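Peer 1:
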Amino acid sequence: MRQKAIYILSAIAAVLLTWNLYKVFMVEPDELNQGAMYRIIYIHVPFAMTCGTGFFVSVVASIAYLWKRDLRYDAIAASVTEVSWVFATGVLVTGSIWGRIAWGIWWAWDPRLTSMLVCWLLLVSYLMLRQAVDEPGQRARLSAVLAIFTFTDWVIVWKSIEWWRTQHPGPVLSIRSGGGMAPGMEAPIYWNALAMACLAAALVLLRWRQEGVKREIDALRRYAHAL
Amino acid sequence: MTPLSFTESTDKPAADKATAVTSAAGEPPKPRFAAIRMILAIAGKDLRTEIRTKETINAALAFAVVILLLFSYAFDPTSDQVREIAGGLLWLVFLFAGALVLNRSFSRELTNDCLDALIASPASGAQLWAGKALANYVLLLAIEAVCLPVFGIFYNLTWLGQLPLLVLVIALATWAMTIIGTTFSAMTVNLRLRELMLPTLLYPMLIPPVMGAVKLTTTIMAGDPIGDDTIWFRLLIGYDIIFTLLSAALVEILLVG
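Below you can see the structure in the form of structure tokens.
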């Protein structure tokens with residue numbers, strides 16, 4: 000069942016991404032000020048959306064773990080956080096490339112960028128914390144609490160764009176600001192976001208299965224040790 | 000929170016002195032009052048241990064002076080440029096020296112299984128956390144109070160004119176540092192790599208309040224009006240409130256399970 004879901008999600012992601020690439024490169028016109036370069040938005044923003052959704056799912060799974068004390072929720076939180084981290088890296092990398100062309104610098108120490116970097120570092124520390132704890136129950140507990148702290152920090156990131164608007168552009172998507180981008184140009188962002196979401200879900204399912212196997216191996220090792 | 004009887008709280012040797020005055024009336028205290036006394040007892044215990052041994056405060060102060068010395072090699076300490084980066088320098092010193100204090104907060108209880116005894120005591124996880132946070136806050140403020148004049152003398156800065164504002168910034172940002180540091184100290188206390196893990200977890204988490212503190216301190220030290228920077232005060236206050244509540248709610252899980 001899970002195997003099938005992984006295949007189906009990957010297939011949807013592949014079809015959608017191919018279709019979107021065609022739309023973005025062959026159909027969409029160049030942007031008025033930035034020319035062809037603006038197309039990176041179709042990767043940058045969906046990455047950020049997937050990363051944000053991942054954060055939310057991981058904190059929900061973490062809270063669910065603290066509530067139910069079922070290690071399966073912890074495995075979901077761990078898998079989702081790991082996949083989110085990959086997408087967070089993608090946001091930083093594509094953002095840097097875009098910034099190099101649009102602003103002339105690879106990195107600006109603007110609060111939004113800094114906050115994204117902070118979140119990326121927090122995810123690194125989450126993954127490091129998981130490695131530093133041996134006992135599964137304790138690992139799940141500590142990392143669940145850390146995930147809640149991380150997510151709260153993420154909320155501050157989310158608000159920061161409205162508080163300190165400096166180098167990073169303000170919200171351009173119509174769902175947040177009521178206009179900015181032409182509707183035709185905006186659509187591929189959402190389609191790409193869906194494709195990325197499918198890809199992320201497939202990756203999470205893969206990682207989740209690995210976590211399950213890891214738990215099984217752990218249990219067997221303990222059993223062997225006890226014998 | 001379970002109501003605490005009078006004998007329960009005074010049975011603990013550490014709580015003895017701190018509660019002696021308030022419990023003199025002889026009647027069982029109300030639960031809310033007992034919680035505050037418990038927090039003060041734990042904070043008092045921590046501060047008393049620190050005053051007697053001086054193990055972290057001496058190290059933190061010496062470390063702070065070393066950093067101040069090292070900074071003088073990074074740039075010309077007599078130039079006007081110092082004014083523009085004063086806030087950043089000061090908060091880096093506070094942050095590095097503070098981590099030494101915070102790292103010891105829970106790990107000093109590992110000797111003789113004191114942490115287990117504290118967890119088993121009538122104090123709840125949140126009370127234990129609040130007591131530790133209070134003690135850490137006092138220690139960090141003490142270190143900062145010593146560092147500030149030394150910093151002013153070494154780098155030729157005058158900050159006495161706007162002292163109340165500066166004190167407000169330091170009070171708010173230090174509280175942010177204290178709560179996150181104390182909570183993460185509880186989180187990492189049982190790890191093999193706790194000395195390594197705490198700074199890794201602590202510094203990224205503290206970047207928003209430190210950014211605010213740096214901006215405000217630089218403005219204040221330059222003698223400029225606060226003006227638009229009040230937004231950073233809002234950030235500091237918001238951060239303090241959010242994470243104080245979150246830490247108080249979640250620390251029980253970290254300590255007890």
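Order-wise, the sequence lines are chains A and B. Here the first sequence is numbered in numbering that gives the first Met the number 0, starting from 0 and rising by one per residue. Here the second sequence is numbered in numbering that gives the first Met the number 0, starting from 0 and rising by one per residue. Beta carbons: idealized from backbone N, C-alpha and C, even for Gly. None of the values given here were measured: they were computed from a predicted structure.
Enumerate in chain order the residues of its own chain whose CB-to-CB distance from N135 of chain B is below 7 angstroms, with the five nearest sequence positions on each side excluded.
Peer 2: V100, L101, S104, T177, G180, T181.
Peer 1: When we look at the beta-carbon of G256 of chain B and count the other beta-carbons within 10 Å, is it buried (16 or more) or exposed?
Peer 2: Under this definition G256 of chain B is an exposed residue.
Peer 1: If I measure Cβ to Cβ from L109 of chain B and keep anything under 8 angstroms in the same chain, skipping five residues before and after, which residues do I get?
Peer 2: If we look at L109 of chain B and ignore the five residues flanking it on each side, its Cβ neighbours are V188.
Peer 1: Mapping the DSSP letters down to three states, classify E134 of chain A as helix, strand or coil.
Peer 2: Coil, per DSSP.
Peer 1: Suppose contacts are defined by Cβ-Cβ distances below 9 angstroms. Is I75 of chain A in contact with V203 of chain A by that definition?
Peer 2: Yes, Cβ-Cβ distance for I75 of chain A and V203 of chain A is below 9 angstroms.
Peer 1: Please report the distance separating the alpha-carbon of L165 of chain B from that of P198 of chain B.
Peer 2: Taking the straight line from one Cα to the other gives about 26 angstroms.
Peer 1: Verify whether the separation of the beta carbon atoms of P208 of chain B and L249 of chain B is less than 9 angstroms.
Peer 2: Against a cut-off of 9 angstroms, the Cβ pair of L249 of chain B and P208 of chain B comes out as no contact.
Peer 1: Short of 8 angstroms Cβ to Cβ, which residues in the segment 58-70 of chain A face chain E?
Peer 2: As a matter of chain content, chain E is missing from the structure shown, whose protein chains are A and B.
Peer 1: Going by C-alpha distance, which of B:A58, B:F95, B:R233, B:A85 is nearest P148 of chain B?
Peer 2: Minimum Cα distance to P148 of chain B is reached at B:A85.
Peer 1: Could you check whether the Cβ of S83 of chain A sits closer than 9 angstroms to any Cβ belonging to chain B?
Peer 2: False, the Cβ-Cβ gap to chain B never drops below 9 angstroms.
Peer 1: Check whether chain A comes within 9 angstroms of T182 of chain B, counting only Cβ atoms and requiring the distance to be less than that.
Peer 2: Answer yes: the Cβ-Cβ gap between T182 of chain B and chain A drops below 9 angstroms somewhere.
Peer 1: With distances taken from CA atoms, which of A:A194, A:S142, A:G53 is nearest I42 of chain A?
Peer 2: Minimum Cα distance to I42 of chain A is reached at A:A194.
Peer 1: For D217 of chain A, count the other beta carbons within 10 Å of its own beta carbon; 16 or more makes it buried, fewer makes it exposed. Which is it?
Peer 2: Exposed: under 16 other Cβ atoms inside 10 Å.
Peer 1: Run down chain A in chain order and give the residues with a C-beta less than 7 angstroms from the C-beta of L249 of chain B.
Peer 2: V144, I147, listed in chain order.
Peer 1: Measure from the alpha carbon of R36 of chain B to the alpha carbon of each residue in B:F74, B:Q126, B:F93, B:A119, then state which is nearest.
Peer 2: Cα-wise, what sits closest to R36 of chain B is B:Q126.
Peer 1: For the segment 207-219 of chain B, which residues have a CB atom closer than 9 angstroms to at least one CB atom of chain A, in sequence order?
Peer 2: Against chain A - using a Cβ distance shorter than 9 angstroms - the residues of the segment 207-219 of chain B are P207, M210.
Peer 1: Below 8 angstroms on the Cβ atoms is my guess for G130 of chain B versus I38 of chain B; work out the distance and round it to an integer in Å.
Peer 2: With a Cβ gap of about 5 angstroms, G130 of chain B and I38 of chain B count as contacting.
Peer 1: Taking only three categories from DSSP, how would you classify E262 of chain B?
Peer 2: This structure does not reach residue 262 of chain B, given that chain B is present from 0 up to 256, and the question cannot be answered.
Peer 1: Taking the C-alpha atoms as reference points, what is the distance between E143 of chain B and F95 of chain B?
Peer 2: Their backbone Cα atoms lie some 12 angstroms apart in a straight line.
Peer 1: Where does V56 of chain A land, buried or exposed, given buried means 16+ other C-beta within 10 angstroms?
Peer 2: Buried: at least 16 other Cβ atoms inside 10 Å.
Peer 1: Would you please state the rounded distance, in angstroms, between the beta carbons of A185 of chain B and W128 of chain B? I believe it to be under 8 angstroms.
Peer 2: That belief holds up - the Cβ atoms of A185 of chain B and W128 of chain B are roughly 7 angstroms apart, short of 8 angstroms.
Peer 1: Taking Cβ-Cβ distances shorter than 8 angstroms, what residues in chain A pair up with P121 of chain B?
Peer 2: Those do not exist, as P121 of chain B stays about 23 angstroms from chain A at its closest Cβ, beyond 8 angstroms.
Peer 1: Take the Cβ of W90 of chain B as the centre, count every other Cβ of all protein chains shown within 10 Å, and call the residue buried at 16 or more, exposed below.
Peer 2: Answer is buried; the Cβ neighbour count reaches 16.
Peer 1: Grab me the residues of I62 of chain A's own chain with a C-beta within less than 8 angstroms of its C-beta, minus the 5 sequence neighbours each way, in chain order.
Peer 2: Contacts found: A143, I147.
Peer 1: By Cβ distance below 7 angstroms, which residues in the same chain neighbour Q209 of chain A in space, the five residues on each side in sequence not counted?
Peer 2: Excluding positions up to five away in sequence, the list is empty.
Peer 1: Have a look at A:K3, A:D69, A:I188 and flag the residue whose alpha-carbon is nearest the alpha-carbon of N19 of chain A.
Peer 2: That would be A:I188, whose Cα lies nearest to the Cα of N19 of chain A.
Peer 1: Measure how close the beta-carbons of T149 of chain A and Y125 of chain A come, nearest whole angstrom, since I'm counting them as under 8 angstroms.
Peer 2: Confirmed, Cβ separation roughly 6 angstroms.
Peer 1: Along chain A, which residues have their Cβ under 7 angstroms away from the Cβ of L77 of chain B?
Peer 2: First, the amino acid is wrong: residue 77 of chain B is Thr here, not Leu. Correct list: empty, because the minimum Cβ distance to chain A is about 27 angstroms.
Peer 1: Run through the DSSP bridge pairs and tell me what G34 of chain A is partnered with.
Peer 2: According to DSSP, which records beta bridges pairwise, G34 of chain A is partnered with A:E30.
Peer 1: Within 10 angstroms of its Cβ, does E81 of chain A collect 16 or more other Cβ (buried), or is it exposed?
Peer 2: Classification for E81 of chain A: buried.
Peer 1: Would you mind sorting N32 of chain A into buried or exposed? The rule is 16 or more other CB atoms within 10 Å of its CB.
Peer 2: Result: exposed.
Peer 1: Pull up the CB-CB distance for V117 of chain A and I236 of chain B, whole angstroms please, since I reckon it's below 8 angstroms.
Peer 2: About 19 angstroms separates the two Cβ atoms, so there is no contact after all.
Peer 1: By the 10 Å Cβ neighbour count, where 16 or more other Cβ atoms means buried, how is V79 of chain A classified, buried or exposed?
Peer 2: Its Cβ being crowded by 16 or more others within 10 Å, V79 of chain A is buried.
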